[in-house]
Amino acid sequence: MHRGLHGRGALFDGDPPGLAPRLIGLRPYQLRSSPYEHAGELPFVVLAGGRGLGKSAALRELRDAYHGHTPVALIDGEEQQFAAPPPERPAEAWSPVGQALTTVAEQLAEPVRGAGRIGFPRLASGLLAVAAGGWSDRDVPRIRQEAERILLLNETGSLLSGFAGRWVSKVVAKLIASMSGTGPVVAPIIEATLEAFAEGIGPATRRLRRAATWYRDYPNAGGNPKLGLILLSRHFRAGGDSRTHAERHLVRALLADLDDAYAGVMQRSHRLGRPVVLIDNVQRPAGLGVLESVLRDRADGIADQVVFFAALRGYAHAALRNAGRRALPEVARGTGWEPGASPSSRALLVSLPPLTPDDTLHLVGAASHGLDVPPHLPHATHRLTGGSPLGITLLAESARQNLPQGAVSLGELLTADVATHEDHDGRPAYQELLDRLVPGGRLDELTVLAAAHDRDSACALAQAQLPEDFGTSGVLDLEERLGAEGWVTASGQFVGDPFLRALLLLRLHHGDPDHERWRAAHRTLIDHYGDEDPPDSARYRLHHELALGKADFAVAYLRDTFPRADTRSWLASLVFIASAPYYHAHDPDGRDFDGHDHRSSVALGHTDADQQPPESVNAVLHLRVRRLLHAVWQLTDPLVLPDPKVTERLRFELEQLSNLRPAGNALLWRASRDWPSDALAGRPFRIPGDDHDSGDGDGDG
């Protein structure tokens, strides 16, 4: 397998064979056969996951691994060519599925090693009948262009020989000559096509003639191929379910042409493995029409031997409700898949996992080869991205470009310019990531709502900070969109994915020079979680106070609740409050004093002498809680590298607190051991007792 793609060995491994070679029958990048796992019906494999998990990269890798060895085609349902018909082409004679089939056939037709081009006469006949439905305007140049593109799908010889061009020109001239000055053109075009396919002698003509008669089995054609093609064109132009019916037959024609190319001992001796069709963004109309047609035909017993791999944004779709479900590691040596009765059971949904910390280490190391990389950068990168291949790859590239320029933290790598292509100017890495993770509209609104914790607080933000026409319906729409695109949910956060939320909050902070939108959003949420709200709201309010640089309220709350609160709950509140984002804008006007992160200084006690704890409070406890809060704040910040000195101070402060709470001693002591190692390893802080494996009760409830 190509070493540029990490963590996907279950798909690409050659020995023992992973999923792709077992289905295709060829090892990646080699003309060496591999045993088939499914000798009969094949699963339609759908790689599932949210944005950034590497689905598109996996499909591109599959194309590169088998290109030139077996027929392979790759399309993206979100490409512009599938969004609308070309200029001057009537909408009734065009569809995303028809365009997809043309594009797929053109790629599959390319010669492979040891075998020539594949012709698609059945598909070409159907596509010509469909296109003829839009030729009533007699636009001869356009008709010639469309007809030539379709007819070239029939050619099995070398396009360089000139024969293909001469044959196509001859047929196109015949098609145009068949059109009278007035009246419909579909029937004459179909008749001229069938005649052209029937002329001449030799294997090629016999193949065309046999393909032309294939449409005699079209429903209600009565054994007449010309009538079958006329009905196909008519159903396509009618739209709706009739068009879906016609498209299904066009998909079937493509697969029948492929089956014909592999029929017989001679053909199979020259063609190793199976043909491969790759569909990115299969949830879009171009891909969905192909998917549903293939699944329905397979359920009806119409067999084919084409290997389909598709990529689905998210983890579910109505067309896949009964699909088999596996995680990628589970299919490394076998799928265990068997089809059921329904069409959707013919699919196998394979979810892509995030990359591992080791994968991240290798990616960052490879990109930064020869550079002085901070030792904790790979672990911190994995913590920030959650194993997102897109996030890791782009941050690794930013490290390669910006570590030599003095960048020292992940926050600086995200805000620094990164050029993703040599011929493009650089732009901030976080903007590049958000453009790929949240394309389309509503990025501005989602940026504001990233500060919210649930639907109610999101609605409060929308009412105070977003246009009046957005409102609750806009919040619900974004909530639904996040779920549909596979973004995880998380208790206490409107945007559940920590990586996406960090990028959005970074954009919110940098949205204006004085950080006014940032401050306004947090002030709105402070008001939303006011003093009169339930007790649980206190930690939300303090979280946003801390995001504005006001730590005194949080220190007082944690100090006063420490003697009486359940220790596990107190530690959870500490971690949640300290998860407030920190972006160097802490004066009333949104200015940064000096660009320096002061949290380490506070955590290490360097500022204790300047503090005057309130009267009537335990000054030692007050300062200890203040140091602890800033230590956790710094060490859990996903945009900075952990400070080893702060981790040692964190250990010490928790040990000392454990002496003040005998009843909660075990939990505080365990946190003093777990949290420093979690920080250095790039893991979220584990709340002692949440794993239910210690049996250490709090005892102070």
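Each residue of the sequence shown is one higher than the one before, starting from 1429 at the first, in this note's numbering. Think of the CB as a built atom: it goes at the ideal place given N, C-alpha and C, for glycine as much as any other residue. Quantities reported herein were computed from a predicted structural model and do not represent experimental measurements.
Asked, Found
"Neighbourhood of T1989 by C-beta distance below 8 angstroms, restricted to the same chain and skipping five residues each side", "W1998 and S2001"
"Complete alpha helix (DSSP H) runs within the region 1518-1579 (minimum length 4 residues, chain order)", "1524-1536, 1549-1560 and 1568-1579"
"Residues that DSSP places opposite L1682 in a beta bridge", "According to DSSP, L1682 bridges with nothing at all."
"Paired residues, beta bridge with V1705 - DSSP", "A1501 and F1736"
"Buried versus exposed call for H1852 [16 or more other C-beta atoms within 10 Å across all chains shown]", "exposed"
"Segment contact, 8 angstroms Cβ cut-off, at least three pairs: the region 1523-1540 with the region 1611-1625", "no"
"Check whether R1741 and E1873 have beta carbons under 8 angstroms apart", "no"
"Limits of the alpha helix (DSSP H) - the one that S2100 falls within", "N2093 to A2109"
"Exposure label - V1836; buried when at least 16 CB within 10 Å", "exposed"
"Stretch-stretch touch, CB-based, cutoff 8 angstroms, three pairs: the region 1890-1905 with the region 2029-2045", "no"
"Distance, G1562 Cα to A1605 Cα", "17 angstroms"
"Helix, strand or coil at P1445 according to DSSP, with G and I counted as helix", "strand"
"Spatial neighbours of L1933 in its chain, beta-carbon cut-off 7 angstroms, leaving aside the 5 residues before and after", "A1878, A1879 and P2009"
"A1476 - containing beta strand (DSSP E), residue span", "F1472 to G1477"
"Euclidean distance between Cα positions of G1839 and A1727", "52 angstroms"
"Cα-Cα separation between P1856 and A1844, rounded to whole angstroms", "5 angstroms"
"Simplified DSSP assignment, three categories, for G1435", "coil"
"From D1800, D1688, L1683 and S1773, residue whose alpha carbon lies closest to that of V1735", "L1683"
"For N1709 and G1814, the rounded distance between their alpha carbons", "23 angstroms"
"Separation of A1511 from L1475, as counted between CA atoms", "23 angstroms"
"Alpha-carbon spacing of Q1921 relative to D1882, whole angstroms", "6 angstroms"
"Alpha carbon of A1626 to alpha carbon of L1686, nearest angstrom", "21 angstroms"
"Length of the line joining the Cα atoms of V1801 and D2065", "19 angstroms"
"Nearest-angstrom Cα separation, counted from A2006 out to A1982", "9 angstroms"
"Neighbourhood of D2121 by C-beta, 6 angstroms cutoff - its chain only, sequence neighbours within 5 removed", "Interpretation of D2121 is limited by its pLDDT of 41, a score under 50 that renders its predicted location unreliable; no figure is taken from the coordinates."
"Classification of K2048 by the beta-carbon crowding that lies within 10 angstroms, buried from 16 upward", "According to the sequence displayed, residue 2048 carries Val and not Lys. That one is exposed."
"A2054, buried or exposed, once every other Cβ within 10 Å from all chains shown has been counted against 16", "The question names Ala, yet the displayed sequence has Arg at residue 2054. Buried, because 16 or more other Cβ atoms sit within 10 Å of the Cβ of R2054."
"Through-space distance from Q1711 to H1745, alpha-carbon basis", "8 angstroms"
"Beta strand (DSSP E) segment containing A1775, residue limits", "A1775 to S1779"
"Complete alpha helix (DSSP H) runs within the region 1926-1981 (minimum length 4 residues, chain order)", "1926-1937, 1944-1956 and 1965-1975"
"Given 8 angstroms, three or more beta-carbon pairs between the region 1471-1491 and the region 1771-1778", "yes"
"Of the listed residues P1832, I1452 and Y1457, nearest to E1465 (C-alpha basis)", "I1452"
"C-beta atoms of L2095 and G2117 nearer than 8 angstroms", "yes"
"Simplified DSSP state of G1630, which is helix, strand or coil", "Its pLDDT being 46, under 50, G1630 is placed unreliably in this model, and the coordinates cannot settle the point."
"Within 8 angstroms, strictly: CB atoms of L1931 and L1889", "no"
"For D1994, three-class secondary structure by DSSP", "coil"
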